[in-house]
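First comes the structure, then the notes that go with it.
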Amino acid sequence: MVMNRRASIFTSLSLVVAATFLNSATLKADEPALFNPYLENHRPIEASETDWVARQNQQLQRIPSNPVGTGVLQTANGRKAVPPQPEQPNFDPTRNNDIDVRRIDAARRDILRGQRPTGRETSALSVGLRGLVMNRDHAADQLLATATNGSTLSTRDASQGAGGGFEISLTRHWKDHDLSDRITYWGLFSDGESASISDAAGLSSPLDYSTLSYAGYNTPMSNFGTSSVFMRLDRSFEYHNIEWNVISARTEAEGISVSWMAGARYFKVHEGLSLHMDTADQAFTGSTDEVSYLLGTTNHLVGFQVGAEATVMPIGEWKLGAAAKAGIYGNAIDKHTSLEGPAGYGFIDDDGNPNDERRYNYNPYKGDVSMLGELDINMSMPIRESATLQIGYRAVFVSGLALASDQIPASFGSVTEAQAIDSGGSMILHGAFAGLTWKF
8 MVMNRRASIF TSLSLVVAAT FLNSATLKAD EPALFNPYLE NHRPIEASET DWVARQNQQL
68 QRIPSNPVGT GVLQTANGRK AVPPQPEQPN FDPTRNNDID VRRIDAARRD ILRGQRPTGR
128 ETSALSVGLR GLVMNRDHAA DQLLATATNG STLSTRDASQ GAGGGFEISL TRHWKDHDLS
188 DRITYWGLFS DGESASISDA AGLSSPLDYS TLSYAGYNTP MSNFGTSSVF MRLDRSFEYH
248 NIEWNVISAR TEAEGISVSW MAGARYFKVH EGLSLHMDTA DQAFTGSTDE VSYLLGTTNH
308 LVGFQVGAEA TVMPIGEWKL GAAAKAGIYG NAIDKHTSLE GPAGYGFIDD DGNPNDERRY
368 NYNPYKGDVS MLGELDINMS MPIRESATLQ IGYRAVFVSG LALASDQIPA SFGSVTEAQA
428 IDSGGSMILH GAFAGLTWKF
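For the sequence shown, our numbering begins at 8 and goes up steadily by one.
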């Protein structure tokens, strides 16, 4: 009887010692134990709520950036746990083989996921192709000729109509960073605009050719301003845009996704203006009774810009987006102007003028500062897993331009006025675009 009682006491003491030893043993992170600190943080029964919450908050701040650690971690209940060390010879330190984020509480899961670059979850490359149809606001109106019946011809009679073009963009997503960069080209091309006026009694022009001659000495150019029976105005327009931007990761708040951008841009504006005059008939046949006033300007804008993109999802799968960019640019301006025809160039015919006999053929240059801003509003919808349809409206505002209609001199006999460049012009290009974007 006594022996049985002693055996029972010995057995009970053995169980207590074994339980104490197991409870104080060091746990490995990859063992599915109840109190494994790498899987769940439980509040110990003997711990007060205030102390346990404080230690738990400290625990969240000590989560290592590399899931494979080498030091000793202090757990919530005061025990020490040694993170697993690589045992296999071909161990990959980047492989996450010891943390199961599905079983970690929400706070620790957010911290661990925040350590992973989101760029890995996006496509590496996107290509966009769009068609453009854009118009331009009316430029300055310069009177060129008046008929005896009161009809007139001015530069606005051949102003730019709707012009077509295209856009292509290439976006690269940086896999190791929350950034992208995009290079974009778009261009607009006009077939040209024309307007004409005729009067058998002779047209009158406010343009002053009084000190110029054409087709020989003492053959004043003013005859073309007072005796032309036909005048035709031709105008051409061309625009090219190349830009490169670095785009930040999107920040979402209140259902709106916003990203910032900064980059460099080149924008080219070319205008051509030709006024053809004939004193004999209404057909240009290459005879000496015909002459043309030619004028062209080219603006080369180069500079830096900043901007932002934003998207929301208002209707089903359609996304409403907007993008705005603005910058200050250096503007290199080229101008060409001449009076010429089958008999050669017009020239200054004035014995008292130091520029006597100088041909009317000039190519001046000027540097200036311009500003450019762009606003895009678009709707997009995925039509395939790798393709997105996009339609929208674009407006581009540019100031500090040398426009052709602003370069006509008050006196053609003044070399200073002929070579002057007026860069105080501005314009607004606006119109629609539509196209597709493919992700690879």
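Every residue, glycine too, gets a C-beta built ideally from N, C-alpha and C. On a predicted model such as this, the values are computed, not experimentally measured, just so you know.
Item, Value
"Exposure of N252, with buried meaning 16 or more beta-carbon neighbours within 10 Å", "buried"
"Contacts around T226, its chain only, beta-carbon distance under 7 Å, and the 5 residues preceding and following it disregarded", "S220"
"Closest residue to T464 among H343, S205, T178 (Cα-Cα distance)", "As displayed, the chain neither begins before 8 nor continues past 447, which places residue 464 out of reach and without an answer."
"Cβ-heavy atom distance, D241 to the ligand SAH, below 7 Å", "The ligand SAH is absent from the structure shown, which contains no ligand whatsoever."
"DSSP state of N230 mapped onto helix, strand, coil", "helix"
"Simplified DSSP assignment, three categories, for V265", "strand"
"Residue closest to Q167, alpha-carbon to alpha-carbon, out of S187, D188, L410, T295", "L410"
"For I428: DSSP bridge partner residues", "Bridge partners of I428: none, in fact."
"DSSP bridge partner residues for Y352 (one or two, in chain order)", "E347"
"N- and C-terminal bounds of the beta strand (DSSP E) containing F404", "394-408"
"DSSP-derived helix/strand/coil call for V298", "strand"
"Nonlocal neighbours in the same chain, by C-beta distance under 8 Å from A169, ignoring five residues either side", "V140, M141, N142, G438"
"Same chain only: Cβ atoms within 7 Å of G199, ignoring 5 sequence neighbours per side", "D241, R242, S243"
"Residue nearest to F311 in terms of C-alpha spacing, selected from D185, E250, S235", "E250"
"Contact check, G407 vs H343, beta carbons under 8 Å", "no"
"C-alpha distance - L301 paired with L346, whole-angstrom precision", "6 Å"
"Buried or exposed by the 16-neighbour rule on C-beta atoms within 10 Å, applied to E364", "exposed"
"Completely contained beta strand (DSSP E) runs for the region 163-214, where each covers 3 or more residues", "170-180, 186-196, 200-205"
"Beta-carbon separation (whole angstroms), V405 vs V276, contact threshold 8 Å", "7 Å"
"T162 beta carbon less than 8 Å from that of S430", "no"
"Beta-ladder partner(s) of D288, from DSSP", "BP columns for D288 are empty, so no partner."
"H145: first and last residue of the uninterrupted beta strand (DSSP E) it sits in", "It is not in any beta strand (DSSP E) - H145 carries neither H nor E in the DSSP assignment."
"Buried or exposed (CB count within 10 angstroms, at least 16 for buried), R401", "buried"
"Check whether Y216 and S197 have beta carbons under 8 Å apart", "no"
"Nearest neighbour of A256, chosen from F419, F274, T318 [CA to CA]", "T318"
"Three-state class that DSSP yields for A131 in the structure shown", "coil"
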